[in-house]
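Chemist: Starting off with a structure, shown below.
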Amino acid sequence: MMGSGVGAWMAGVPVIGVLGALYAWKGGGASLFLLLLALLIGAVGAASQLCGPTRVTVRRTWAPSAPYEGEEIEVTLQISLEGGIPPLWVQVEDDLAGLEQERGRLLFSGFKRNYSGTYRLSGVARGLYTEGSTTVAWGDVFGWFKRVRRLQGRDKLLVQPLPLYIAAWDEMLGGNDGDGGRADMSLKYAPLWGSRLRAYEPGDPVKSIHWKISARRGELITRAPEEVYAWPACLILDTEPASYFVPERGEIFEIAVSAAAAWLQRQSEGTDAYYFRPGLGNNTLQLIGREGLYEGLEVLAQVQLDSERFASLNGARSWNHLVVPGQRITIITGCLTSSLVARLLQMADAGAVLDVWCSGESSDEAVHGSDVEEAGIGNGGAEHWEKSAGHWSAQLSSHGIRMVPLLYDSASVQMKPGRGGRDHGIA
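Going by my numbering, 1644 is the number at position 290 of the sequence shown; the sequence numbering is gapless.
Shown next, in the form of C-alpha cells:
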C-alpha cells in the first residue's frame, strides 16, 4: 500500500497560491523571495515523491528463532529500494509482533539503495504472530512531503510459553547424592511424569535397554517390563474459567500454561508418542519427539481461557470419552471445583491413572478464604469452599488420584537463564 502525501499538498498548494496572489498584488523582493522559496520546497517535495523508488523489498530475521515469553528478541531488517532516485532518508516502522506489542523504529540516511538495521523487542507475550507489517517512508529534506509504503509480512513468529522450572527435579533426578539418589529416581520420577523408562537394575534383560536415552544421560536406562505396551501419556490442559476463579486468574492460568510447556518438553525427550489436549474445545494432538514438541508449543502459545458462554455449554460434558483404561493422564488446572472433581472421579472409575497439577494451590487447600472472598464468592461461600476443598482432596486420594500442587508465589515467578523457565517447585 502506497501513501501519496495528499495532506502535505493540501496545505502546500494554498500557501503557494496566497504567496503568488500577494506578489501579484503588492510586488516587492520579499514577496518574490517567499514565493520562490515555496515553489522550490514544492518542487523538491514533488521530485522526492514522483522520482523516488518504485519497488521496496524488506527481509526480516530474528534471533532466537522461537523465543520464550518475555525473552528479548533481536530483529534484523534488510531494506532494498529499486528504481527511481535513492531518497535522502528512509524511516522504517516494523510491527513484527502485531500492533498491540512494541514496534521497532529505524531511521537511515545517505542516498543508498540498501540498508540494514537491528532493533530489539522485549516483553512480548506468548502467542503466534502472523500478521506483522512493515511501513517504509521517505521524502524531502524537511520531511513534509512523504511517500509511505506499507508491506504486509508473511513471517510467523512463535513466542513460546515459558516452561515451568520445577525445583524438585534435581532431587527426583538424583542430584549429587551418588548412586543412592539415582536409585531413588525410579520411585519418584515415574509417578510424576508417567514415564515408561527407569534406571537399569541388575537382572533386567539387555534387549530392554534404551541405548539412545542411555547415551544421552550417561547411565543405562531400560523400559519397565510392565509398561512396554502401555498407552502413551496424555496431557489435558483445563481451560474452563471456573477453575481459575481466584483474583490472580490471569497469572494462575499462565502458570498452568507454563507447566504444560514443561510437561511437553519432558515428554519430547523420549522416542514415544504422547498426547496433548488443550481444553475441551480442541482435538487431541498426537505428538512425537522434538517435531511434536514444536507443534504442541505452537498450539499452547495460542491457548486462552474459554468464554463463559462456551464453558456453560460444555459444563456438564463428561471426560470419559478421553479415557483409555490404564493410560496415565495428567490434568493441569487452577483450583478444584465440584464439576472438575466429578469428572476426575468418573475418569478414575473408567480406569485412567490420573495426576492432577493445580497451579492455584499453595497448600493442601487450594485457595485461602480471603482470596475466595476477593473472587466474589462471599463469606459464606468462602467457608463452604474451604471445607469442600479438603473433602475433594480426600475423595481424589481415595480413588488413587495424585494431587500435585504447583507452589505458587508471585515473587518467585522470574526468568531463570540457566534453567530456562519460571522458578517454581512441586511439592
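Glycine residues also receive a C-beta, built at the ideal position from the N, C-alpha and C atoms.
1. So, for F1607: in the same chain, excluding its five sequence neighbours on each side, which residues have a beta-carbon less than 7 Å away from its beta-carbon?
2. Under a Cβ-count criterion, where at least 16 other Cβ atoms within 10 Å of its own Cβ denotes burial, should M1701 be classed as buried or exposed?
3. Do the CB positions of S1402 and P1368 come within less than 8 Å of each other?
4. What does DSSP give as the partner residues of Q1640 in its beta bridges?
5. Which of helix, strand or coil does DSSP assign to I1606?
6. Considering just the uninterrupted stretch of the beta strand (DSSP E) at D1494, what are its terminal residues?
7. With distances taken between CB atoms, is the gap from S1691 to W1711 smaller than 8 Å?
8. Note down the Cα distance separating K1561 from S1568, rounded to an integer number of angstroms.
9. Could you please give me the residues that DSSP links to T1687 through a beta bridge?
10. With distances taken from CA atoms, which of Q1681, V1513 and E1594 is nearest A1615?
11. Going straight from the alpha carbon of S1713 to that of W1746, what length do you get?
12. Candidates G1406, Q1506 and K1466: which alpha carbon is nearest D1449's?
13. By DSSP's criteria, W1416 is part of a beta bridge. Which residues make up the other side?
14. Exposed or buried, L1819, counting other C-beta atoms within 10 Å across all chains shown (16 or more means buried)?
15. Exposed or buried, which one is A1610 when buried takes at least 16 other CB atoms within 10 Å?
16. Between the Cα of H1564 and the Cα atoms of L1651, E1573 and V1398, which residue gives the shortest distance?
17. By the DSSP assignment, the beta strand (DSSP E) with I1575 in it spans what residues?
18. Would S1747 count as contacting chain B if we go by Cβ distances under 8 Å?
19. Is it right to say L1698 is buried, meaning 16 or more other beta carbons lie within 10 angstroms of its own, or is it exposed?
20. When burial is assigned at 16 or more other CB atoms within 10 Å of the CB, is W1379 buried or exposed?
21. Thinking just about the alpha-carbon of each residue, which of G1646, T1625, S1661 and I1686 is nearest to the one in P1632?
22. Cα separation between Y1519 and T1411?
23. Across the region 1488-1503 and the region 1584-1598, are there enough close Cβ pairs to call them in contact, namely three or more that are closer than 8 Å?
24. Counting pairs of Cβ atoms below 8 Å between the region 1481-1491 and the region 1643-1662, do you hit three or more?
25. Using 10 angstroms around the beta-carbon of I1439, count the other beta-carbons present and answer buried if the total reaches 16, otherwise exposed.
26. Starting from D1558, trace the alpha helix (DSSP H) both ways and give me its first and last residue.
27. For W1443, which three-state DSSP category applies?
28. Going by DSSP in three states, D1703 sits in which element: helix, strand or coil?
29. Within a Cβ cutoff of 7 Å, which residues of the same chain sit near G1643, ignoring the five residues on either side of it in sequence?
30. Determine whether the beta carbon atoms of F1630 and L1694 lie at a separation below 8 Å.
31. I think L1389 touches G1374, with their Cβ atoms under 8 Å apart; what is that distance to the nearest whole Å?
32. Can you tell me the Cα-Cα spacing of T1488 and I1427, whole angstroms?
33. Measuring alpha carbon to alpha carbon, tell me which of Y1628, P1515 and E1649 ends up nearest E1425.
34. Cα-Cα, which of P1517, G1399 and D1509 is closest to S1431?
35. Secondary structure at A1720, three-state DSSP: helix, strand or coil?
36. Taking 7 Å as the line, does the beta carbon of G1705 fall inside it for any heavy atom of the ligand SAH?
Modeler: Judging by the given coordinates:
1. Y1598, L1659 and G1688
2. It counts as buried.
3. no
4. Y1629
5. helix
6. For D1494, there is no enclosing beta strand (DSSP E), as DSSP marks it with neither H nor E.
7. The amino acid occupying residue 1691 in the given sequence is Thr; Ser does not appear at that position. No, the Cβ-Cβ distance between T1691 and W1711 is not below 8 Å.
8. 13 Å
9. C1712
10. V1513
11. Whole-angstrom Cα-Cα distance: 16 Å.
12. Q1506
13. V1429
14. Here the chain has residues from 1355 to 1781 only, and residue 1819 is not among them.
15. buried
16. E1573
17. I1575 to R1577
18. Included in the structure is just one protein chain, with no chain B present.
19. Label assigned to L1698: buried.
20. Taking all protein chains shown into account, W1379 has fewer than 16 neighbouring C-beta atoms within 10 Å of its C-beta and is therefore exposed.
21. I1686
22. Looking at the backbone, the Cα of Y1519 and that of T1411 are separated by about 42 Å.
23. no
24. yes
25. exposed
26. Counting along the chain, D1558 falls outside any alpha helix (DSSP H), and DSSP gives it neither H nor E.
27. In the structure shown, W1443 adopts extended strand secondary structure according to DSSP, grouped into three states.
28. helix
29. S1622 and T1625
30. At the C-beta level, F1630 and L1694 stay beyond 8 Å of one another.
31. Indeed, because the Cβ distance is near 6 Å, the residues count as touching under 8 Å.
32. 17 Å
33. When C-alpha distances from E1425 are compared across Y1628, P1515 and E1649, the shortest belongs to P1515.
34. With the sequence shown as reference, residue 1431 is identified as Leu, and Ser is not the correct amino acid for it. Of the candidates P1517, G1399 and D1509, D1509 places its Cα closest to the Cα of L1431.
35. For A1720, the pLDDT reaches just 39, beneath the cut-off of 50, and the residue's location in the model is therefore unreliable, leaving the point undetermined.
36. By its list of ligands, the structure shown contains no ligand whatsoever, and the ligand SAH lies outside what it can speak to.
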